[in-house]
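Engineer: So that we are looking at the same thing, I have put the structure below in structure tokens.
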Amino acid sequence: MSYFGDITNATKTLLTGMKITGKYFFVNLFTRKDVITQQYPDNKDKLVMFDRFKGEVVMYHDENNHHRCDACTMCELACPNGSIEIIWDKKIDEETGKAKKELVNHIYHLEMCTMCGLCIEACPSDAIMWGQGYHHTTKDRSNLTKSLNKPGSSLIPGYKKPKK
Ligand code: SF4
Ligand code: SF4
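Letter by letter, the sequence shown follows residues 0 to 163 in this note's numbering.
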């Protein structure tokens, strides 16, 4: 093949290969119609993680700021990394008149958590679950130590632990 024939052939092959890419590049440059690539962190405000995403362990609270944690410490015992510490106190139960455990602080060390899920599986009350928070970067390690029970929250009144 001639010299110029080679150049023509190479250009033709290149354009054929770049046809689809070129179409998406030029069309989407102006219309932004078929763009599927998400640019993090520009999309941080509207980014929703998928349902099965394991971002961090969180505690369920209802609209009255009640949770289901009775400080049984099963999650603390199940955690292989010591990422959970349950601080509890004893309080007299008005119904029975007997002393009963009460959660003071459910401490979660996210910086040590490997997201294995053993704590969630161990909880007989489904009091803790996976949360979808993903933006955990911080310059201060202590920000990764969290209290899972919200300030002022308490156990659902009359809550009975399910038998598992
Ligand atoms: S997910 Fe695993 S490592 Fe993290 S707190 Fe629970 S048991 Fe511990
Ligand atoms: S979160 Fe669940 S397993 Fe952990 S102390 Fe509370 S009730 Fe028990």
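The C-beta atom is built at its ideal place from N, Cα and C for all residues, glycine as well.
Three or more C-beta pairs under 8 Å: does that hold for the stretch 42 to 54 against the stretch 123 to 137?
Structural biologist: yes
Engineer: Starting from Asp-88, trace the beta strand (DSSP E) both ways and give me its first and last residue.
Structural biologist: DSSP places Asp-88 in the uninterrupted beta strand (DSSP E) bounded by 83 to 91.
Engineer: Count the C-beta pairs between the stretch 84 to 96 and the stretch 55 to 63 that are closer than 8 Å, then say yes if the count reaches three, no if not.
Structural biologist: no
Engineer: Measure the C-alpha to C-alpha separation of Glu-84 and Glu-62 and round it to an integer number of angstroms.
Structural biologist: 25 Å
Engineer: Apart from the five residues just before and just after Ser-153, which ones in its own chain have a Cβ nearer than 7 Å to its Cβ?
Structural biologist: His-65
Engineer: Could you work out which residue in Ala-98, Val-103, Tyr-59 and Cys-118 is closest to Ser-82 when comparing CA atoms only?
Structural biologist: Cα-wise, what sits closest to Ser-82 is Cys-118.
Engineer: Can you tell me the Cβ-Cβ gap for Leu-109 and Trp-87, rounded? I've got them flagged as a contact below 8 Å.
Structural biologist: So it is not a contact: roughly 21 Å between Cβ atoms.
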